[in-house]
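Below is one structure, written out as structure tokens, with a few remarks after it.
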Amino acid sequence: MEAPSIDTVYQAISALYETNPNAKNDKEKASTWLGDVQKSIHSWKIADELLQQKKSEQSYYFAAQTMRSKVQHNLAELPAESLLSLRDSLVAHLKETSGDTSPAVLTQLCLALADLALQMPVWQNSISDFISNFSNGNAFVLLEILTVLPQEIDSSNLKLGENRREDIKAELRSNSQIVTMFLKESIMAHMQNTHIALKIVKCMTSWIQVRAINIQDVPQNAVIGYSLQVLREHDSINTLHDAASDCICSLLHCLEENNNDDSVERLLFNSVSELESSYHMAVANEEEEKAANYARVFTELAESFLEKIILSASSGESHFAVRSLELALVCVGHHDYEVAEITFNLWYRLSEEVYQRDYQPLTDTFKPHIERLIAALARHCQCEPDRADLPDEGDDFYEFRTKVTELIKDVVFIVGSSCVFRQMFAALQASAAGDPAPWEQTEAALFVMQAVANNILPDENEYVPKVVEAILSAHACKHPAVRRTCMSLLGELCEWVERHGECLPACLQCLLRAVAEPATSLQAAAAVHNICKASRASCGAHVPALLEATRAADQLQLPPPAACHLVRALGAALGALPPPQLTVALQEACAVQLSPLSALAARPPASIERHSVTDPGRYLDRLAALFRALEPPPGAAAAAAPALLQAWPVLNELMHTYQSNGRVMERLCRALRFGLRCVGARAAPLLPALAARMATLYHQHTHSCLLYLASILVDELSSEAACVAPLLSLLEALMPRAFTLLQDGGLRDHPDTVDDLFRLCIRFLQRIPLEFLSSGAMDAVVGCASLAAALDHREANSSVMKFLYDLTRAANLSTNDPMKTRVKELADNHIKNYGESLTYALLEASVLHLHGYMLGEVAEVLVELAAWQRARGADWLRPALARLPRDRAAAATEQQCWQFHQYAMRVEKVKEMSRMLRDFARLYQ
């Protein structure tokens with residue numbers, strides 16, 4: 001765009017902030033236009049002029065925000081020689097600010113200057129310049145810059161590179177004494193001004209978080225002392241209390257990473273431990289935010305010392321910091337469950353440490369803590385007495401109870417599931433003794449029992465029989481919420497029920513009755529599924545009852561998950577039938593779902609309401625669940641095949657009728673997928689018709705689920721010699737359309753297609769490698785994989801890497817088998833042709849495009865490529881490193897590239913390559 005006049009910019013800003021509701025269109029146009037201005041090269045000059053003129057608060061903020069955005073994202077637009085004048089301009093603008101300047105404007109300008117300093121290696125010792133420029137008269141500016149600069153070091157927007165980050169952190173450490181002195185003088189002068197004190201504490205926190213403050217200097221640090229004082233005083237304002245808590249938590253986090261002086265550790269521990277009385281004061285005054293802050297501090301204290309606590313306990317000693325666990329438990333006892341939840345990560349970490357060491361005396365040391373934890377969690381899980389039912393999914397309390405279940409399952413081994421079961425049984429005993437406990441206490445006890453029930457030994461005969469008897473007699477199940485939890489508990493006791501087969505009929509009868517009740521249908525259906533899955537061998541006799549229940553699903557208006565649970569239960573039970581009975585029963589079970597599907601195929605509704613009787617997905621999901629749950633006895637897969645063959649005409653018609661509906665097609669392919677998995681090679685008669693339908697549909701609509709379904713066909717049917725040619729023909733029919741879709745940005749726009757396409761190629765490479773590698777598809781596939789290596793979509797990239805790994809693995813194969821030797825030769829030829837370009841593609845993707853968590857699978861491929869190169873005296877890594885961009889601030893040095901090359905060419909372990917690759921990538925990010 002051409003440079004707009006400054007007056008036009010002012011008019012647009014005025015329109016953007018127009019309060020007239022009738023000017024909505026003008027506001028949108030102004031917003032779009034100003035966005036374009038910010039992206040243009042002219043915005044540098046425009047922002048500078050607006051900052052000088054300061055005509056209005058809105059234009060001032062727009063200019064500051066524009067300057068910050070340009071420095072952060074578009075600094076490369078300016079020639080290197082103009083950066084010094086930009087720096088001087090920003091310093092001048094900041095000197096013009098005052099205490100009355102909008103905090104938002106001040107922050108944007110300080111961010112702009114800080115980001116500029118971080119991206120200007122030639123600006124040596126910027127911290128000293130900031131202090132000399134702003135310490136006299138502009139201390140508020142200096143505080144803001146010193147706060148945001150450390151925060152920006154690890155900003156993903158700046159991409160400084162690890163070398164520059166380390167240089168900056170070293171500069172911060174070298175200036176830490178003078179900054180600490182400045183903050184000390186500031187806090188002494190402004191201790192009563194909470195607004196400035198807040199900024200000082202936040203500034204110190206920023207420096208602590210980047211490890212610029214020496215832990216050994218903590219005892220003399222005035223700001224840390226002030227933060228502890230704020231936490232001790234009961235009348236501190238909440239914002240300052242939050243900031244002080246952040247500061248102390250950051251400091252405690254540093255303890256964990258350093259081998260510190262014992263006296264400093266004890267000083268900090270004692271200082272934080274003394275805050276317990278302040279916590280109780282906050283609880284008494286009902287100051288929930290402060291109580292939560294103390295919980296954060298106590299939890300961080302315990303986590304910081306956890307490893308030392310564990311080591312001491314392992315040797316039979318007691319570390320002085322073990323009291324931190326007591327402080328955390330005090331917070332778990334707070335009446336607000338959100339405060340208790342703050343401590344959860346501590347208990348997860350404690351559980352992991354104890355589990356990994358597997359030393360009974362150590363486990364016994366922490367039994368009292370976990371017993372108290374579980375008892376407190378049971379209280380927190382109690383619903384409000386006036387509540388009619390349990391919280392629904394999405395409710396905050398529901399989410400909390402879910403987290404409690406996960407935590408209890410993780411820590412219960414320390415005290416033993418039976419012990420917890422016994423502990424919670426007290427509420428039910430009180431009810432049975434004629435002294436009924438409030439329903440919410442009973443429900444909470446049952447809820448905790450449910451969390452540990454799956455870990456109860458199947459031969460437990462003291463408490464479980466009484467609980468099961470109480471549930472079956474409906475003695476403890478009067479309140480609807482209690483009934484729902486009872487059903488869930490019964491389902492979690494599925495392994496116990498399997499061992500005690502005499503109670504199976506009564507359990508299923510009770511649960512199937514509860515399925516018909518809206519309040520308990522979902523929990524009861526899930527329990528039926530769990531029990532039938534665990535008791536497959538004993539459930540054959542209950543197939544008629546389960547079949548009748550699935551027939552009644554629509555009549556009872558069961559929620560979709562409940563109906564699917566029932567169908568899964570039926571599928572599990574069918575597997576216990578002899579083959580002749582299985583064939584008939586499975587066809588009957590499929591017919592229940594095929595009947596409405598046939599009607600929907602013949603007379604499609606004008607519109608589909610999801611999960612209603614007009615939705616084919618409702619019945620396709622049930623059909624998929626049926627085939628998925630069915631496990632025919634060994635050698636009896638043929639008994640299930642007639643049902644799938646019977647279903648095919650209806651599914652084929654549905655594919656035609658709903659071919660443009662991606663959601664229905666996805667569910668249809670899913671039903672076919674599990675049907676194919678169930679019957680295996682017995683599905684071969686379906687291949688010609690199914691492959692033809694898939695090829696036609698994919699050419700018209702490119703549903704990626706068709707590619708996935710093709711991979712299932714290869715997996716299940718490639719062992720049949722007669723199916724190999726049709727499968728290769730299907731691949732040839734699907735690939736051209738897929739590759740067309742992935743051109744011109746299609747890799748980014750269609751990650752599902754990338755994922756499913758390479759899953760298909762992996763199946764071919766694993767099942768019929770000789771035919772696949774001999775086909776004419778490989779050049780296009782490997783070329784596509786090379787381009788897709790940079791795709792930062794987790795699942796899609798994972799499939800690409802697995803394909804490349806299998807290909808390189810085949811090329812490195814050592815074998816005397818003639819057929820495998822031929823596979824090796826073909827794979828070897830492809831690696832010879834594409835190895836160099838693949839090496840660069842993988843390296844470039846790792847350092848410029850992919851997230852760190854995605855590099856593990858890239859490392860697997862690079863290890864195989866390195867092995868191939870070593871065996872043949874090739875070296876593709878050196879030229880690949882030379883091609884990496886150097887004309888940028890974030891880049892590896894020649895020495896670092898040489899070092900990476902030396903190690904990477906010799907490495908044989910994926911874990912080591914993965915670590916090296918992550919470290920190397922950090923140099924570019």
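Each residue of the sequence shown is one higher than the one before, counting from 1 in the UniProt record's numbering. C-beta: ideal position from N, C-alpha, C; glycine also.
Take the Cβ of N530 as the centre, count every other Cβ of all protein chains shown within 10 Å, and call the residue buried at 16 or more, exposed below.
-> With 16 or more Cβ atoms within 10 Å of its Cβ, N530 is classed as buried.
Status (buried if at least 16 other CB within 10 Å, exposed otherwise) for S711 | Result: buried.
Roughly how many angstroms separate the alpha carbons of Q58 and N136, rounded to a whole number?
-> About 28 Å.
Is the Cβ of G575 closer than 7 Å to any Cβ of chain D?
-> In the structure shown, chain D does not exist; there is a single protein chain.
Host alpha helix (DSSP H) of N163 (start-end) | Bounds of the alpha helix (DSSP H) holding N163 are 162-174.
For the UniProt domain "Importin N-terminal" (30-94), list the alpha helix (DSSP H) runs that are entirely contained and at least 4 residues long, ordered along the chain.
-> If we require 4 residues or more, the alpha helix (DSSP H) runs fully inside the UniProt domain "Importin N-terminal" (30-94) come out as 43-53, 57-73.
Contacting residues, own chain, Cβ-Cβ under 6 Å from V123 (five flanking each side not counted) | Looking at the sequence itself, residue 123 is Trp, so the reference to Val does not match. So the qualifying residues of the chain are A117.
Mind listing, in chain order, the continuous alpha helix (DSSP H) runs of no fewer than 4 residues lying wholly within the segment 341-414?
-> At a cut-off of 4 residues, the continuous stretches assigned as alpha helix (DSSP H) that sit fully inside the segment 341-414 are 344-357, 360-365, 367-380, 396-411.
Option in P219, A647, R682 with minimal Cα separation from I248 = Residue nearest to I248 within the set P219, A647, R682 is P219 (criterion: CA-CA distance).
Three-state class that DSSP yields for M905 in the structure shown | Coil at M905, not helix or strand.
In whole angstroms, what separates the C-alpha of I127 from that of G99?
-> Straight through space, the alpha carbons of G99 and I127 are spaced by roughly 22 Å.
Output yes or no for whether 7 Å exceeds the beta carbon distance between L512 and A537.
-> Inclusion of L512 and A537 in the CB contact set at 7 Å is not warranted, their separation being larger than that value.
From V210 to D115, what does the alpha carbon distance come to, in whole angstroms?
-> A direct Cα-Cα distance of roughly 16 Å separates V210 from D115.
Just the C-alpha distance for W44 and V105, rounded to the nearest angstrom, thanks.
-> Spanning the two alpha carbons is a distance of roughly 16 Å.
Just confirm the distance between the C-beta atoms of L742 and V754, as a whole number of angstroms; I'd bet it's less than 8 Å.
-> Contact holds; Cβ gap of about 7 Å.
Taking all protein chains shown into account, do 16 or more other C-beta atoms lie within 10 angstroms of the C-beta of Y398, making it buried, or fewer, making it exposed?
-> By the neighbour-count rule (16 or more Cβ atoms within 10 Å), Y398 is not buried but exposed.
Assign N25 to one of three DSSP states: helix, strand, or coil.
-> Reduced to three states, the DSSP call for N25 is helix.
Roughly how many whole angstroms lie between the Cα atoms of L428 and I414?
-> Distance between the alpha carbons of L428 and I414: 24 Å.
What residues in its chain sit with their C-beta under 7 Å from that of T821, if we drop five residues either side in the sequence?
-> Cβ within range, chain order: T815.
Quick one: Cα of R323 to Cα of A519, how far?
-> Distance between the alpha carbons of R323 and A519 is about 45 Å.
Between which two residues does the alpha helix (DSSP H) harbouring T815 extend?
-> No alpha helix (DSSP H) holds T815; DSSP gives it neither H nor E.
Specify whether the segment 346-359 and the segment 403-412 touch according to this definition: at least 3 beta carbon pairs, one from each stretch, less than 8 Å apart.
-> With a cut-off of 8 Å, the segment 403-412 and the segment 346-359 count as touching, because enough Cβ pairs lie within range.
Residues in its own chain within less than 8 Å of V148 by CB, not counting five upstream and five downstream?
-> If we look at V148 and ignore the five residues flanking it on each side, its Cβ neighbours are T107, C110, L111, A114, S206.
Could you check what DSSP says for T19 in three-state terms: helix, strand or coil?
-> Coil.
Have a look at F627 and A671 and give me their C-alpha separation to the nearest angstrom.
-> When rounded, the distance between both Cα atoms is 8 Å.
Does the segment 373-380 come close enough to the segment 326-336 to have 3 or more Cβ pairs within less than 8 Å?
-> Yes, the segment 373-380 touches the segment 326-336.
Take the Cβ of V528 as the centre, count every other Cβ of all protein chains shown within 10 Å, and call the residue buried at 16 or more, exposed below.
-> Flag for V528 reads buried.
Going by the beta-carbon positions, is the gap between L228 and S271 smaller than 7 Å?
-> Cβ atoms of L228 and S271: closer than 7 Å.
Run through the segment 413-488 for me and flag every whole alpha helix (DSSP H) of 4 or more residues, listed as ranges in chain order.
-> DSSP runs (the alpha helix (DSSP H)) wholly in the segment 413-488: 417-432, 439-453, 464-472.
Identify, in the order they occur along the chain, each residue of the same chain with its Cβ nearer than 7 Å to the Cβ of A563, setting aside the five sequence neighbours on each side.
-> Once the five neighbours on either side are set aside, the close Cβ partners of A563 are A553, R622.
Cα-Cα, which of A859, V411, A789, G675 is closest to V910?
-> The option with the nearest alpha carbon to V910 is A859.
In angstroms with no decimal places, state the Cα-to-Cα distance between T19 and I13.
-> Between T19 and I13, the C-alpha separation is close to 12 Å.
Going along the chain, which residues of its own chain have a beta-carbon closer than 8 Å to the beta-carbon of K367, five neighbours each way excluded?
-> Only I414, V415 meet the Cβ criterion.
In the structure shown, what three-state DSSP assignment does R922 receive?
-> Three-state DSSP puts R922 in a helix.
Looking only at C-alpha atoms, which of C203, S418, S236 sits nearest to A222?
-> Ranking the options by Cα distance to A222, first place goes to C203.
Short check: CB of A321 to CB of F298, under 7 Å?
-> The Cβ atoms of A321 and F298 do not sit closer than 7 Å to each other.
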